[in-house]
Each structure stands twice: as structure tokens, then as C-alpha cells.
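Asker: Using the working numbering, the first residue of the sequence shown is number 1060, and each one after it goes up by one.
Yeah, the Cβ is synthetic: ideal placement off N, Cα and C, and Gly gets one too.
Have a look at this one before I ask anything.
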Amino acid sequence: PARFVRWIIGVGLLMAALYGTVTSFADPAWALPAVIGFGAAIVLLALLTLHRRLRRRRTLDRLISGTPTEFEETVARMMRGQGFRGVRRTGGAGDLTADVVATDRAGRTVVVQCKRYQTGRTVGSKELQTFIGMQRIHHEADYGIYVTTASFTRPARELAERHGITLVDGVALTAALTGGQRPTWMRR
1060 PARFVRWIIG VGLLMAALYG TVTSFADPAW ALPAVIGFGA AIVLLALLTL
1110 HRRLRRRRTL DRLISGTPTE FEETVARMMR GQGFRGVRRT GGAGDLTADV
1160 VATDRAGRTV VVQCKRYQTG RTVGSKELQT FIGMQRIHHE ADYGIYVTTA
1210 SFTRPARELA ERHGITLVDG VALTAALTGG QRPTWMRR
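So, in C-alpha cells, the structure goes:
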């Protein structure tokens, strides 16, 4: 609420300054409608941004409150929708870090680890080390994707980059689920 009030005050000051500037250079008869139109456009843009954020927040909350199986199925559905073949959910006790296994359009095998964590939790380097080892040695996959509702530590991101592991945090995941665009992390 306080942030919103500051935003409204800022828009009001901007509109007043704009009105003063426009009336000093142009006919005041059209200056007021122009400034009101400009203000309405700013408010509309802000409302659309707020709507998008709320939608992503609700999506993330729904993913976190669901079961691990539901989360894995959501990721598997996304992969099917992006053209992966033979997508199967393999998660559960003893899954050896492979919650979803699939074949991409180029015929390469991908192993996906899905971790449904609360916001504020991070996935660390140790978890990535385990995934990298199992993905390459046990599953013999061509590459791996690690999907979480949380975020990754810097050491985890650095390790993933060195080993070609694609990381998908909660922000990227919800953007893909709510944006209607093909997620960039599924293009390889």
C-alpha cells in the first residue's frame, strides 16, 4: 500500500510537470486532454504489470502448495507442449535425481530434476553436484535441466554453467507458465 501511494504521488507530480511544460509551449485547450491521456496510459500500463505479477505469484503459490507429483507433471506437460518426445515422469522415492526424462527434437536425452521449495529457499552447489553426477553417469543423458520454484545460489549457478546444466528458477518457470511463449530454457 505505501509503495502504491508513492507511485500515485509520483504519477501525479509527473502529470503536473508535464501539464506545466505543455501549456507553456502549446495551446492549453488541448494540453489537459493530452496530459490526462498520458496519465491514463501510465495507469493502464501499471495495472497490466500488476496483473501479470499477481498471476505469476498465484501460479507460483499453486505450484508450491501442490504435491511433488503435480509439480513434476506440470513440468512434463510443458515439455510435451514444446515438442519433447517420450516424456515420462519418473520421480518418486529412489528416482536417482531424474523426475522427468525425455528426448528433444534433435534426439538427445534430457533428464530433469524438479524441486518444489518454498520461496526464499535456495538450491545449492551440493544438490547440483549430485544431479550432475547422476545425470551423466547413471542416466547417461546428453544434458540436464534443474527446475525449482525457488532460486539458486551463486556457486550452484557457476557450477551449472561449467557443466552445461540449464537452471530454471521460480521466476523463469512462472513466466513460462503464464506468458504463453516458448520458454528460452527449453531451446537447446
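What does DSSP give as the partner residues of phenylalanine 1130 in its beta bridges?
Answerer: Per DSSP, none; premise fails for phenylalanine 1130.
Asker: Any idea which residues DSSP pairs arginine 1147 with across the strands?
Answerer: Answer is Val1160, bridged to arginine 1147.
Asker: Go ahead and pull the three-state DSSP assignment for glutamine 1177.
Answerer: In this structure, glutamine 1177 counts as coil in the three-state DSSP scheme.
Asker: Quick test of your reading: tyrosine 1078 and valine 1094, contact by CB under 8 Å. State the CB separation rounded to the nearest angstrom.
Answerer: Tyrosine 1078 to valine 1094, Cβ: 5 Å. Contact.
Asker: Just reading off the alpha helix (DSSP H) that isoleucine 1191 is part of, what are its end residues?
Answerer: Isoleucine 1191 -> alpha helix (DSSP H) spans 1184-1192.
Asker: Which word fits alanine 1088, buried or exposed, when buried means at least 16 other C-beta atoms lie within 10 angstroms of its C-beta?
Answerer: Flag for alanine 1088 reads exposed.
Asker: If you drop the 5 nearest sequence neighbours on each side, which residues of the same chain put their C-beta closer than 7 Å to that of valine 1081?
Answerer: If we look at valine 1081 and ignore the five residues flanking it on each side, its Cβ neighbours are Ala1090, Ala1093 and Val1094.
Asker: Would you kindly report the start and end of the unbroken alpha helix (DSSP H) that includes glycine 1238?
Answerer: It spans 1229-1238 - the alpha helix (DSSP H) in which glycine 1238 sits, taken as one unbroken run.
Asker: To the nearest angstrom, report how far apart valine 1159 and arginine 1121 are at their CA atoms.
Answerer: If I take the Cα positions, the gap works out to 20 Å.
Asker: Quick one: what's got a C-beta closer than 7 Å to arginine 1216's C-beta in the same chain, skipping five residues either side?
Answerer: So the list reads Leu1226, once near-sequence residues are dropped.
Asker: Are there any heavy atoms of the ligand NAD lying less than 7 Å away from the beta-carbon of glutamate 1129, as far as the coordinates show?
Answerer: Because no ligand of any kind appears in the structure shown, any question about the ligand NAD cannot be addressed here.
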